[in-house]
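J.: Mind looking over this structure? Questions follow.
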Amino acid sequence: MNNRIRRNKGDRVFDGINALLLLIVGVVTLYPFWNILVLSFNNALDTLRGGVYLWPRSFTLDNFKMIFDLPQLATAFGNSFLRTIIGSLLSVGSTAMLAYVISRRDFLFQKLLQRLFVITMYVSGGLIPIYFVIKGLGLLDNFLVYLIPMLLQPFYLLIARSYMDGLPASLQESAQIDGANDFIIFAKIIFPLSMPIIATILLFVAVDQWNAWFDTFIYTANEKLTTLQYELVKILSQSTASVRNDADLRSKLAGGTGVVSTPQSIRMAITIVATIPIVVVYPFVQKYFVHGMTLGAVKG
Amino acid sequence: MRRGKKRKIAGVLALSLMTAAFTACSNGGGNGEAGSTSKGANESAASKPTHLSMFTFTEEVQSSLTDSPVWKKLMEKTHVDIDLQTISGAGADEKRSVMIASGEYPDILDRIDERFIDAGALIPLDDLIEEYGPNIKKAWGDSLNKLRNPKDNKIYFLPSPKNRPEEIVEPGGTLLVQYDVLEKTGYPKLKTLDDVYNMLMEYTAENKQIDGKPFIPWGLWADSWGYNQTVNNPALWAYGFTDDSDAYVDQKTFDVTYFNTTDSFKNYLKFLNKLYLGGLLDKNGFITKYDEFNSQVASGRVLAMIYNAGLISEDEAALRQAGMPERAYARFPIVAEEGIQDRSQVYSESYDTGMGITVKAKDPVAAIKFMDYLLSEEGNVLLNWGIEGVHYDIVDGKRVQKPEVTKEWNSDPAYRWQQGVNSLTWWPQYNGAIKLDDGDYASPFNTDAIYASYDDQTKKVLQQYGVKYWGQLFDTTGTRTPYGFAWTIPIESGSKAELASAKANELRHIMVGDIVMSGDDATFDAKWNDFVDKLRNESKIGDWEKAMSEAIQTRLKLWGVTQ
Amino acid sequence: MPKPGIYRKLVRQRYLLAMCLPFVAWVLVFSYTPLFGWIMAFKDYKPAIGILQSEWTGFRFFKEFLVDPRFYEIVRNTFVMGILNVVFGTACAILLALMLNEVRNKFFKRSIQTISYLPHFVSWVIVSNIFYTVLSTDGGVVNNLLLWVGLIDEPINWMAQGKLFWVIVTVGQVWKEAGWTAIIYFAAMTSIDKTLYEAGEVDGLGRIGKIRYITLPGIMPTIAILTVLNIGNLFNASGFDPSYLLGNNMTLTYSDNLAVYTYRYGLQMSRFSMSAALGIFNSVICLILLFSANKLSGKFIEGKAI
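Protein chains in written order, with the working numbering: chain W, 3 to 302; chain R, 587 to 1149; chain D, 4 to 309.
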């Protein structure tokens, strides 16, 4: 059966304009990022003078050196990696399951449940009370503090629910008739069919986990629990502080020829280090944004 | 296929969970339990070193420090094992808040804030110093009184002592003029602001651009804290005041007026207005941000400014690296008119932060003994010069840094931390160009060493002005204020005075730029009057003035200046 | 006396109950228990003496900011920037998702999508630097272009115009987040039944027609929920970073928002009570906005958004 949709002149014009606009979007969003990439490989002092746009004027790896020289790099990376993987899987599983419950309008407590979570998006006790709760639960200086407080985000919950709302009700009904319980319906039917949104949420949660540093800062003191992002933030702070330190003046008075990195350049390097993993992983997630996942289920 | 995939995911999950559980269990014990406290007076050589935890609220510390040879030697000599944690800038407010609210303090807090004292986090050190701090007593002498807290007369922290004359190696806030400008205008003698104005007019008549971009004859950046550095403080220096920051203190009655409402400040703004009308002031100066300003300086466009030279050290390094050493800056004292004595470098001894022992310290005696060692000659030299034979030698009775060390120091900023040499410059011991009891410098960062570091261009200019280093141009004989620096006087957090000060700060950010860029005198005066008016009535700056005046009186009594 | 029908229903729905109870416990512990901290807003909380012992001040802190003349400016700014953010943010994200959805070439589609969300990872510090550089009066790209084309005689100082600030901050936020938000809409679009498009083709719909009658209605539930949530978030939308970093002395009257105000008069001065009071104010406004938007949403989709 020839499924191909006929392409006429109108179609081509549309495609053309669409592509052009998207190209502009691409350039406008890529150029600044490209600039950051370029600056991260450019000598810091040279960058200060400005004028570096498309290609490094004075190539160097020094800005990254500070990062890779970190003694705790391995630990930090390891912790970040672990928390991202475990945290995302836990969060996604929990979010999907809860979203399913909320999507069931026939559930007795549906409305209450939903509002219970939504309200928390806008209402917060503040840093200090939350700190006391975390302390009271014994989560200080504990790896679990990276996983549990961040477990659910109402925002992700609701977009998942919204997606599930769009799935055909017939699927669920037929399964219920077959005698499946709610958990089976969720695990075997709803979850697989919600892959696009699950993938989306997985991506968002993974990014949240990877970039988190504030919890490391406030809730942990043990060096063994440090995370990559936190170490990067520290490096940036150090660089900002050393600008004003007298004893560093000597090397600068003499014309500073060694590894001198400015806060500006370190910021660039950090951005690159923080972003690259996501960019690398994303193509795998993109696979799920594919038409026709629901089609098969209805027919089957 | 799908089943296999599921199994894989399950496997990864299980493995990760196990790893997490393992990590959680091994880390769950957390901090602070390691080590044992040595039992009071019973110290045998075989006892374990005392474990002390220390938080330092300054971001400069690099993690290689605690593995450095000097640090290790320090631990050995003091028989303690210090767990050092730095609090980085982003989030310091939150961390402090959380620490105070939960009452979870380490043994030692370094670089404290008066908020910690208000919150009752620190213990008074008086008795400890009396019994266990001979070196502290010897070094501080009477200056200990300057550390007393106005509320209860007790000492809560120990900073780096500045009770001995310090040679000015690199002067702080001063007039900075590009070498090239000096050369092309014949190395003029710059005494007053008018001299500077004339010099800039002369130079810019001939020289308009560099690398295709116009010069910015007078540098300024007034966003956030830049205001204090480039607008407020220069006005202070120009009118012969010491660093009292926002306070104008009448030296007879010690009454405080908000500096930004005084005539001196008004006249300084008039100077900026003159620069503006002469086309010498950057129109955007009042909104320029820190990064942008550094960029301007590093590309050689800023001809002159009154600023803290230390803050542009990287920009000067960039200029030198780019082959433009003539665009680096000479440092001069400057006053508004003849007859005013420059007191910008007059050091008035006062302290606002230091190292303290918290109420949670299990062994305060070990802590104070540690701090005492820092002020012993041996300890002082160890942290600043390093280990004899490794980092320095004694030549003719004087300490001389080894040439290899100097070379490393000058080329790699991480070196100081990796070796532990002269890195903890804010710790409670003598630092900088101060001479210790043995007659030699406390640290390798002193005038002789600096002169050796200068590049040829700098030496050439120095010669023109007849000095070996910039500090020599500065007059340090000016009267010291009896209350130290006004900015070290703490204002109670959450008070009306603090609120007034915050509001005033907001107001001046909004209004001062406008005043400076007035087209004529009439507009200037009108805007100025409006500004002062709003400060008094809207920001209620009077509350702050009152609190400061009282605080100064209290301090004067505490320090024995008045009864 | 609860009806017997309820018990039966509970039993029937026991799995659903089991599936949500642990999370209910979680949210009660982590989100609702800390609310006891709201009591700080009514006391002069001094950490050294603890919450219970701190002096009771009633509504003093609320009064303080409600009488501050600058406060109304701040609320206005927060509100305007929030609305601009929601409107343009949503519109651009949807537009981008639609455009991407129409692309057939897989490689082009994927690359542009990846590129479009990169700005999400760039910190506001860098973004503000970019703006200052691009809009700068000496050497900035925008001014150079306008001068070259002859539209202006002198460079315009964009960043110094208070009134332009709202435009600039919105552009910045859209640039930064549109691509990332578009991912959600894009994912929603993939769930639209492909046969609908084929039916539309048969009915004679062109490309734009299909978007109007199939794609958009298909993602309407998603649009609705996101918009309702975003409206609730209006007050938080213009966060601390953009205002603090993009704003400067000349724009303060337009750029200062609630987040900056809270930082300046609350956290920075360690006035926990003030922070708490401002937080409560913020939460109340958010909830009012949320439930109003929700009610309105009933007009666009069946059943309200939440």
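Using N, Cα and C, we set each Cβ at its ideal position, and we do this for glycine too.
Can you check which of these residues, W/L56, W/F193, W/F216 and W/G53, is closest to W/V147 by C-alpha distance?
T.: Among W/L56, W/F193, W/F216 and W/G53, the Cα nearest to that of W/V147 is on W/F216.
J.: Would you say W/Y232 reaches chain D, if we count a Cβ-Cβ gap shorter than 8 angstroms as a contact?
T.: So no, W/Y232 is outside the interface.
J.: What's the gap between the Cα of W/G95 and the Cα of W/A182?
T.: About 20 angstroms.
J.: Please name the residue or residues paired with R/H977 in a DSSP beta bridge.
T.: None, per the DSSP bridge assignment.
J.: Is the distance from the Cβ of W/L154 to the Cβ of W/T86 below 8 angstroms?
T.: Result no, Cβ atoms of W/L154 and W/T86 do not sit closer than 8 angstroms.
J.: So with Cβ pairs under 8 angstroms, would you call W/N183 a contact of chain D?
T.: At least one chain D Cβ lies under 8 angstroms of W/N183.
J.: Please list the partners that R/I873 has in chain D, where partner means a Cβ-to-Cβ separation under 7 angstroms.
T.: Ordered by position in chain D, the residues that pass the 7 angstroms Cβ test against R/I873 are M162, A163, N251, N252 and M253.
J.: Report yes or no: do three or more beta-carbon pairs, one from the segment 993-1004 of chain R and one from the segment 698-709 of chain R, lie closer than 8 angstroms?
T.: These segments do not touch.
J.: Compare the C-alpha of D/I222 against each of D/D196, D/Y247 and D/F39 and name the closest.
T.: Closest by alpha carbon: D/D196.
J.: Is the CB-CB distance between R/P803 and R/L889 below 8 angstroms?
T.: In this structure, R/L889 lies closer than 8 angstroms to R/P803 by Cβ.
J.: For R/T1074, which residues from the same chain have a beta carbon less than 8 angstroms from its beta carbon, with the 5 sequence-adjacent residues on both sides left out?
T.: S936, Y937 and D938.
J.: Provide the residue(s) that pair with D/W59 in DSSP beta bridges, ordered along the chain.
T.: In the DSSP output, where bridge partners are listed per residue, D/W59 has D/K46.
J.: Taking one C-beta from the segment 952-967 of chain R and one from the segment 658-673 of chain R each time, how about it: are there three or more such pairs within less than 8 angstroms?
T.: These segments touch.
J.: Alpha carbon to alpha carbon, what distance is there between D/V170 and R/E1092?
T.: For R/E1092 and D/V170, the distance between alpha carbons rounds to 23 angstroms.
J.: Would D/F82 pass as an interface residue toward chain R - the criterion being a Cβ-Cβ separation below 8 angstroms?
T.: D/F82 does not count as touching chain R.
J.: Tell me the DSSP secondary structure of R/S1087 in three-state form.
T.: Three-state result, R/S1087: helix.
J.: Would you call the CB atoms of W/S42 and W/N65 closer than 8 angstroms?
T.: Yes.
J.: Please report the Cβ distance between R/G864 and R/M787, rounded to the nearest whole angstrom; I am assuming they are in contact, meaning their Cβ atoms lie under 8 angstroms.
T.: Right, the Cβ-Cβ distance comes to about 7 angstroms (below 8 angstroms), so this counts as a contact.
J.: Look at the alpha carbon of R/I1096 and the alpha carbon of W/A162, and state the distance between them as a whole number of angstroms.
T.: Looking at the two C-alpha atoms, the distance is approximately 46 angstroms.
J.: In the structure shown, what three-state DSSP assignment does R/K984 receive?
T.: Looking at R/K984 - three-state DSSP - the assignment turns out to be strand.
J.: Under 8 angstroms between C-beta atoms, does R/T644 make it to chain W?
T.: With 8 angstroms as the cut-off, R/T644 counts as an interface residue toward chain W.
J.: Starting from the C-beta of R/T1140, find all residues in its chain whose C-beta is less than 6 angstroms away, skip the five residues before and the five after it, and write them out in chain order.
T.: Correct list, in chain order: P736.
J.: Excluding the 5 residues preceding and the 5 following R/F1071 in the sequence, name in chain order all residues of the same chain whose CB lies nearer than 8 angstroms to its CB.
T.: Correct list, in chain order: T828, D829, D830, S831, S934 and S936.
J.: In terms of residue numbering, what span does the beta strand (DSSP E) encompassing R/P803 cover?
T.: Where R/P803 is concerned, the enclosing beta strand (DSSP E) stretches over I802 to W804.
J.: Taking CB distances under 8 angstroms as the criterion, tell me whether R/A705 reaches chain D.
T.: Yes, R/A705 lies at the interface with chain D (some Cβ there is under 8 angstroms from its Cβ).
J.: Quick check on W/L50 - is its C-beta less than 8 angstroms from some C-beta in chain R?
T.: Closer than 8 angstroms: yes.
J.: What distance in whole Å lies between the Cβ atoms of D/K46 and D/S276, which are believed to be in contact at a cut-off of 8 angstroms?
T.: That belief holds up - the Cβ atoms of D/S276 and D/K46 are roughly 6 angstroms apart, short of 8 angstroms.
J.: Can you have a look at W/A76 and say buried or exposed, based on whether 16 or more other CB atoms are within 10 angstroms of its CB?
T.: Counting Cβ neighbours within 10 Å, W/A76 comes out exposed, since fewer than 16 surround it.
J.: Examine chain W for any beta-carbon lying closer than 8 angstroms to the beta-carbon of D/L290, and answer yes or no.
T.: Judged by the 8 angstroms Cβ criterion, D/L290 is in contact with chain W.
J.: By how many angstroms is the C-alpha of W/N213 removed from the C-alpha of W/E233?
T.: Their backbone Cα atoms lie some 11 angstroms apart in a straight line.
J.: Which value, in whole angstroms, describes the spacing of the CA atoms of R/Q795 and R/L744?
T.: For R/Q795 and R/L744, the distance between alpha carbons rounds to 50 angstroms.
J.: Please report the Cβ distance between R/L695 and R/I668, rounded to the nearest whole angstrom; I am assuming they are in contact, meaning their Cβ atoms lie under 8 angstroms.
T.: That pair is no contact at about 13 angstroms.
J.: Take the Cβ of W/V29 as the centre, count every other Cβ of all protein chains shown within 10 Å, and call the residue buried at 16 or more, exposed below.
T.: With fewer than 16 Cβ atoms within 10 Å of its Cβ, W/V29 is classed as exposed.
J.: Verify the CB distance criterion: does W/K113 have a CB-CB separation below 8 angstroms to chain R?
T.: For W/K113, the answer is no, since every Cβ of chain R falls outside 8 angstroms of its Cβ.
J.: What is the DSSP secondary structure of R/K852, counted as helix, strand or coil?
T.: The answer is helix: DSSP assigns R/K852 an H, G or I state.
J.: As a quick exercise: from R/T771, R/G812 and R/W807, pick the residue whose alpha carbon is nearest that of R/E792.
T.: If we check each option's Cα against that of R/E792, R/T771 comes out closest.
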